[in-house]
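**Q**
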Amino acid sequence: MYKELQAEIESLVIDERNFVTNASNFAALLFSKLEDVSWIGFYLLSSDVLLIGPYQGKPACIRLHKNKGVCWASVNQRDVIKVDNVHEFPSHIVCDAEANSEIVIPLIKNGVIYGVLDLDSHSLNRFTDDDSTHLKKLTDTLVNASDMQAIGKFYGKTY
Ligand code: SME
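If you read the sequence shown in this note's numbering, its first letter stands for residue 459, the second for the next number, and so on.
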């Protein structure tokens, strides 16, 4: 399944460098193909908050304040964070009371971090190490194909 998704993402981004455009199709494709995912979307670094970007699912938290929650943990550690049970993650930020597990992938290009991709599920233990590996690869394809410097300037903050 990830092999097909990888090919579909590559064809979606091949002719376009605008990150918001590519990220919108990325979120829509993954939301339509991945099972048991209740929310998928991007949070982008802007003046010390993570600001909501293109997503699929119910409306969610607009701003994630610095150093709280799973998304900021991913920014700070510059790594994928997989949470099997969000209720056991000390500073988890609740956007959807029904969410039980989560995975967050940092958006890094040339050593600069621009934000994260966040996926939620209503099931416990939804995400596996295989998801982690493949979602990172898909996200890397997205950021490598997109003009991240432009989005960094627009949002005004990168690390
Ligand atoms: N749970 C995230 C907040 C974003 S929502 O899940 C869409 C966090 O703790 O950072």
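Quick reminder that beta carbons are idealized off the backbone N, C-alpha and C, glycines included.
As the structure is a prediction and not an experimental result, all values here were calculated from the model.
Buried or exposed for Lys540, going by 16 or more other Cβ atoms inside 10 Å?
**A** Taking the sequence shown and counting its residues from 1, one reaches residue 540 at position 82. Buried.
**Q** Three-state secondary structure (DSSP) at Ser482?
**A** Reading the sequence shown from its first residue, position 24 is the one you call residue 482. Helix at Ser482.
**Q** Kindly list the residues whose CB is nearer than 8 Å to the CB of Ser579, restricted to its own chain and excluding five residues on each side of it in sequence; keep chain order.
**A** Taking the first residue of the sequence shown as 1, we reach residue 579 at position 121. Same-chain partners within the cutoff: Asp494, Val495, Ser496, Ala557, Asn558, Ser559, Glu560, Phe585.
**Q** Using only CA atoms, which one of Val570, Ile520, Leu582 lies nearest to Cys553?
**A** As a position in the sequence shown, residue 553 is number 95, starting the count at 1. The candidate whose alpha carbon is nearest that of Cys553 is Ile520.
**Q** Which full runs of the alpha helix (DSSP H) of 4+ residues lie inside the stretch 477-535, going along the chain?
**A** Runs found: 477-491, 527-535.
**Q** Return yes when the C-beta of Asp578 is under 6 Å from any heavy atom of ligand 1, and no when it is not.
**A** Position 120 of the sequence shown holds residue 578. Checking the Cβ of Asp578 against ligand 1 gives yes.
**Q** Within 10 Å of its beta-carbon, does Gly614 have 16 or more other beta-carbons around it, so buried, or fewer, so exposed?
**A** Here residue 614 refers to the residue found at position 156 when the sequence shown is read from its first residue. So Gly614 ends up on the exposed side.
**Q** What number of angstroms, rounded off, separates the C-alpha of Asn534 from the C-alpha of Glu468?
**A** What you label residue 534 is simply residue 76 of the sequence shown in a count that begins at 1. What you label residue 468 is simply residue 10 of the sequence shown in a count that begins at 1. Straight-line spacing of the CA atoms in Asn534 and Glu468 works out to 28 Å.
**Q** When you measure from the CB of Ala518 to every non-hydrogen atom of ligand 1, does any distance come out below 6 Å?
**A** Your numbering for residue 518 matches position 60 in the sequence shown. Yes, since a heavy atom of ligand 1 falls inside the 6 Å radius drawn around the Cβ of Ala518.
**Q** Roughly how far, in whole angstroms, is the beta-carbon of Leu470 from the beta-carbon of Leu487, given that I think they are within contact range, below 8 Å?
**A** Position 12 of the sequence shown holds residue 470. Position 29 of the sequence shown holds residue 487. Leu470 to Leu487, Cβ: 7 Å. Contact.
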